[in-house]
Amino acid sequence: MASTKSNSTINNLSDDSLTEIFCKLPCKTLFSCKSVSKHWLTLISHPNFHSQYLTHQHTLFQKIQSQGEDPDQPSFILKPYNALVIAPNLPSLQFGPLQNHLSLTSLGPDFEPANIVPQLRSVLKFVFACSNGLLVYGNPRPRHKCVYHVRNPLTKDSLELPRALTLCDHAGVLVGFMCDPYYHLVNENAKVSIVPTSQRRFRVVRIPAFSDTRFAFDVEVFSSETGKWKRFLVSCPKGFACGFFLTSSSVEHEGKLYFMGGGRVLVYDPYDDEREAPVIELPCGFGEAYRGCLGVSCGRLQLSEFPISPSSGFEAHSGRVWMLQHCGKGEETRWELLHEFRLPEIIGPVFQELKSLEVEYMRGCSRILAFHPYLKDTVFLKFGDNIICCNLLTRRFRVCKYGGLSLLFYPVIPIVLPCWPTPIPSPSSLVDPSA
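Below is the structure:
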């Protein structure tokens, strides 16, 4: 009996069958599959496939969330930068050692001066902010106009912006970044809709630091639609002081940017033509601003203070966490105290072990770096040259070692990786205003 060749090869599968297979693969594998054939490239690159793929990934993510804590969820410092990468433990982000697949390009010789000692070169490359998986990074060198880069650390796509309007001062600068998402959930069933490129935009916001309280000040905004920087005078009826605090940074939440400084939180909408910025008072009894961390967890704005100054009557290595409560219309927002804790009580005998290994230049530099975006009551805390991820309620924790000097000087920016890499919206034109 003559044998016949089987036609059931992958090349003969229908698009529906290929889509079903592709939806179960990691992003990295899909990127490689694009080079197999023009047909696969067209299929994987189409927004309709992205929608189906993301719907599948978010359905899995909902199942993971319903099961509670995930001890294997990837999180690590993106060395040598001041960035904390947090990724859902999903098939789409199974890159093997994820650290090996994330990178930021070199900023050139101007950003790595030859006369700087190697241990300090890392702090010259600075991540300012993150939005929907995209980073803004650059070099805040005094007496220079900073050049900012928008970067996708997964795809390694990058966009260089024109030089900022004003020089960087020794007092520093507050930087915010907001980029429209590539996709959003349509309903509770995790159906995903892709946002067309023509409807996506981003803003980079700069506030040159000032230590005195001001009721009006300049804000510089880069618009992706124009490809230019523009200076605006912003009024702040209650006043704001933004002396540069090395452990503070901007936070994006519900279409606004939040900047911490001078005992208050500035709320700024980079798309608002009114150019008036309200402030939120810090909780009563809050200590020094450099001990604070502002962030978002499970869709709510949170604030921490750690370690609390011993002069406040608290024991050593104590901390507090608040959540912002939105009151009724016309009423002021208020902070609700969620946790009051002592680190030695949470991590037990490990505390003394880590304390004994603490090197001299790291002592006294403990602080909360970020809140976990998906796991309630969970914070990332720096103690010595270790990062501790701990749940303040269940007291479950894990410790990983990090020996980077950059964590001593700069805020740590949480990078929350989306299930599909966010394309960088391309400005229609890029004109350097200093040219």
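The sequence shown begins at 0 in numbering that gives the first Met the number 0 and counts up by one.
In this text, a Cβ means the ideal position worked out from N, Cα and C, and glycines have one as well.
Remember, it's a predicted structure, so these values are computed and weren't measured experimentally.
* Asked: Roughly how many whole angstroms lie between the Cα atoms of residue 417 and residue 89?
  -> In the sequence shown, the residue the question calls residue 417 occupies position 418. In the sequence shown, the residue the question calls residue 89 occupies position 90. Their Cα atoms are separated by approximately 10 Å.
* To do: Evaluate the contact criterion for the segment 338–345 versus the segment 380–399: three or more CB pairs, one atom per stretch, below 8 Å.
  => Output reads yes: the segment 380–399 touches the segment 338–345.
* Residue from 179, 143 and 196 with nearest C-alpha to residue 171 -> If you number the sequence shown from 1, residue 171 lands on position 172. Residue 171 has its Cα closest to that of 143, out of 179, 143 and 196.
* Asked: How would you write the range of the alpha helix (DSSP H) that residue 198 sits in, first residue to last?
  -> The residue you call residue 198 lines up with position 199 of the sequence shown. Residue 198 -> no alpha helix (DSSP H), and no H or E assigned at all.
* To do: Count the C-beta pairs between the segment 258–276 and the segment 224–239 that are closer than 8 Å, then say yes if the count reaches three, no if not.
  => In short, these stretches touch, since the Cβ pair count reaches three.
* State the beta-bridge partners of residue 334 as determined by DSSP. => Position 335 of the sequence shown, counted from the start, is the residue given in the question as residue 334. Looking at the DSSP assignment, residue 334 forms a beta bridge with 323.
* Asked: Hey, residue 299 and residue 322: beta-carbon distance below 7 Å or not?
  -> Within the sequence shown, residue 299 is the residue found at index 300, counting from 1. Within the sequence shown, residue 322 is the residue found at index 323, counting from 1. Their beta carbons are under 7 Å apart, which means residue 299 touches residue 322 by this criterion.
* Return the first residue and the last residue of the alpha helix (DSSP H) that residue 350 is part of. => For the purposes of this step, residue 350 is identified with residue 351 of the sequence shown, where counting begins at 1. 348–356 is the extent of the alpha helix (DSSP H) around residue 350.
* **For residue 421, the three-state DSSP class (helix, strand or coil)** => For the purposes of this step, residue 421 is taken as residue 422 along the sequence shown, with counting starting at 1. Here residue 421 sits in coil by DSSP.
* Asked: Cα-Cα, which of 221, 190, 285 and 83 is closest to residue 175?
  -> Reading the sequence shown from its first residue, position 176 is the one you call residue 175. With distances taken between Cα atoms, residue 175 lies closest to 221.
* **Proximity of residue 196 and residue 238 at Cβ, strictly below 7 Å** => Numbered from its first residue, the sequence shown carries residue 196 at position 197. Numbered from its first residue, the sequence shown carries residue 238 at position 239. In this structure, residue 238 does not lie closer than 7 Å to residue 196 by Cβ.
* To do: Reducing DSSP to helix, strand and coil, say where residue 9 ends up.
  => Along the sequence shown, read from residue 1 onward, the residue named residue 9 stands at position 10. Residue 9 falls in the helix class under three-state DSSP.
* Apart from the five residues on each side of it in sequence, which residues of its chain come closer than 7 Å, Cβ to Cβ, to residue 200? -> Numbered from 1 along the sequence shown, position 201 holds the residue referred to as residue 200. Counting only Cβ-Cβ distances below 7 Å, and skipping sequence neighbours, we find 179, 223, 224 and 424.
* Taking 7 Å as the cut-off, decide whether the C-beta atoms of residue 285 and residue 314 are in contact. => As a first step, residue 285 is located in the sequence shown; it is residue number 286 there, counting from the start. As a first step, residue 314 is located in the sequence shown; it is residue number 315 there, counting from the start. Not closer than 7 Å, so no.
* Asked: Could you give the residue range of the beta strand (DSSP E) that holds residue 316?
  -> Residue numbering aside, residue 316 sits at position 317 when the sequence shown is read from its first letter. Residue 316 -> no beta strand (DSSP E), and no H or E assigned at all.
* **Under 7 Å between C-beta atoms of residue 55 and residue 32** => Counting from one through the sequence shown, the residue named residue 55 turns up at place 56. Counting from one through the sequence shown, the residue named residue 32 turns up at place 33. Taking 7 Å as the Cβ cut-off, residue 55 and residue 32 do not qualify as a contacting pair.
* Is the beta carbon of residue 457 sitting closer than 7 Å to the one on residue 241? -> For residue 457 there is no data in the structure shown, the boundaries of the chain being 0 and 434.
* **Limits of the unbroken alpha helix (DSSP H) element including residue 38** => To locate residue 38, count along the sequence shown from 1; it is residue 39. Segment 37–44, the alpha helix (DSSP H) holding residue 38.
* Identify, in the order they occur along the chain, each residue of the same chain with its Cβ nearer than 7 Å to the Cβ of residue 125, setting aside the five sequence neighbours on each side. => Mapped onto the sequence shown, residue 125 falls at position 126. The residues are 81, 136, 137, 138, 139 and 409.
* Check residue 60 in the structure and name its three-state DSSP category. => Here the question's residue 60 lines up with position 61 in the sequence shown. Of the three classes helix, strand and coil, the one that applies to residue 60 here is helix, per DSSP.
* Own chain partners of residue 370 with C-beta closer than 6 Å, once the 5 adjacent residues on each side are dropped -> Within the sequence shown, residue 370 is the residue found at index 371, counting from 1. Cβ within range, chain order: 294, 296, 301 and 378.
* Asked: Can you tell which of 46, 374, 283 and 311 has its C-alpha closest to the C-alpha of residue 334?
  -> In the sequence shown, counting from the first residue as 1, residue 334 sits at position 335. The residue with the shortest Cα to Cα distance from residue 334 is 283.
* DSSP three-state assignment for residue 280, whether helix, strand or coil -> Mapped onto the sequence shown, residue 280 falls at position 281. Residue 280: strand per DSSP, three-state reduction.
* What's the C-alpha gap between residue 38 and residue 13? -> For the purposes of this step, residue 38 is identified with residue 39 of the sequence shown, where counting begins at 1. For the purposes of this step, residue 13 is identified with residue 14 of the sequence shown, where counting begins at 1. Linking residue 38 to residue 13 through their CA atoms gives a straight-line distance of about 11 Å.
* Asked: Between residue 11 and the rest of its own chain, which residues show a CB-CB distance below 7 Å, the 5 nearest in sequence each way excluded?
  -> In the sequence shown, residue 11 corresponds to position 12, counting from 1. So no residue of the chain qualifies.
* To do: Helix, strand or coil for residue 288, going by three-state DSSP, please let me know.
  => Translated into the one-based positions of the sequence shown, residue 288 becomes position 289. Looking at residue 288 - three-state DSSP - the assignment turns out to be helix.
* How many whole angstroms separate the CB atoms of residue 53 and residue 419, which I take to be in contact at a CB cut-off of 8 Å? -> Within the sequence shown, numbered from 1, the residue matching residue 53 stands at position 54. Within the sequence shown, numbered from 1, the residue matching residue 419 stands at position 420. With 8 Å as the limit, residue 53 and residue 419 qualify as a contact, their Cβ atoms being about 6 Å apart.
* Between residue 202 and residue 269, is the Cβ-Cβ spacing less than 7 Å? -> To locate residue 202, count along the sequence shown from 1; it is residue 203. To locate residue 269, count along the sequence shown from 1; it is residue 270. Yes, the pair counts as a contact, with Cβ atoms nearer than the cut-off.
* To do: Could you give the DSSP three-state label for residue 376: helix, strand or coil?
  => As a working mapping, residue 376 is identified with position 377 in the sequence shown. The answer is coil: DSSP assigns residue 376 none of H, G, I, E or B.
* To do: Please report how far the alpha carbon of residue 368 lies from the alpha carbon of residue 84, in whole angstroms.
  => Residue mapping note: residue 368 aligns to position 369 of the sequence shown, counting from 1. Residue mapping note: residue 84 aligns to position 85 of the sequence shown, counting from 1. If you take the alpha carbons of residue 368 and residue 84, they lie about 12 Å apart.
* Asked: Where does residue 20 sit, in a helix, a strand or coil, going by DSSP?
  -> As a first step, residue 20 is located in the sequence shown; it is residue number 21 there, counting from the start. In the three-state reduction of the DSSP assignment, residue 20 falls in the helix class, which pools H, G and I.
* Asked: What do you get for residue 131, buried or exposed, if any count of 16 or more other CB atoms within 10 angstroms of its CB means buried?
  -> For the purposes of this step, residue 131 is identified with residue 132 of the sequence shown, where counting begins at 1. Looking at its Cβ environment, which holds 16 or more other Cβ atoms inside 10 Å, residue 131 is buried.
* Beta-bridge partners of residue 155, as assigned by DSSP -> As a first step, residue 155 must be located in the sequence shown, where it is residue number 156. Per DSSP, none; premise fails for residue 155.
* For residue 20, count neighbouring Cβ atoms within 10 angstroms of its own Cβ and tell me buried if that reaches 16, exposed if not. => In the sequence shown, residue 20 corresponds to position 21, counting from 1. Exposed, by the Cβ-count rule.
* To do: With a 10 Å radius around its C-beta and 16 neighbouring C-beta atoms as the bar for buried, classify residue 214 as buried or exposed.
  => Your numbering for residue 214 matches position 215 in the sequence shown. With fewer than 16 Cβ atoms within 10 Å of its Cβ, residue 214 is classed as exposed.
* Using beta-carbon positions only, say whether residue 372 and residue 193 come within less than 7 Å of one another. => By 1-based counting over the sequence shown, the position of residue 372 is 373. By 1-based counting over the sequence shown, the position of residue 193 is 194. It is not a contact, given that the beta carbons lie outside the stated cut-off.
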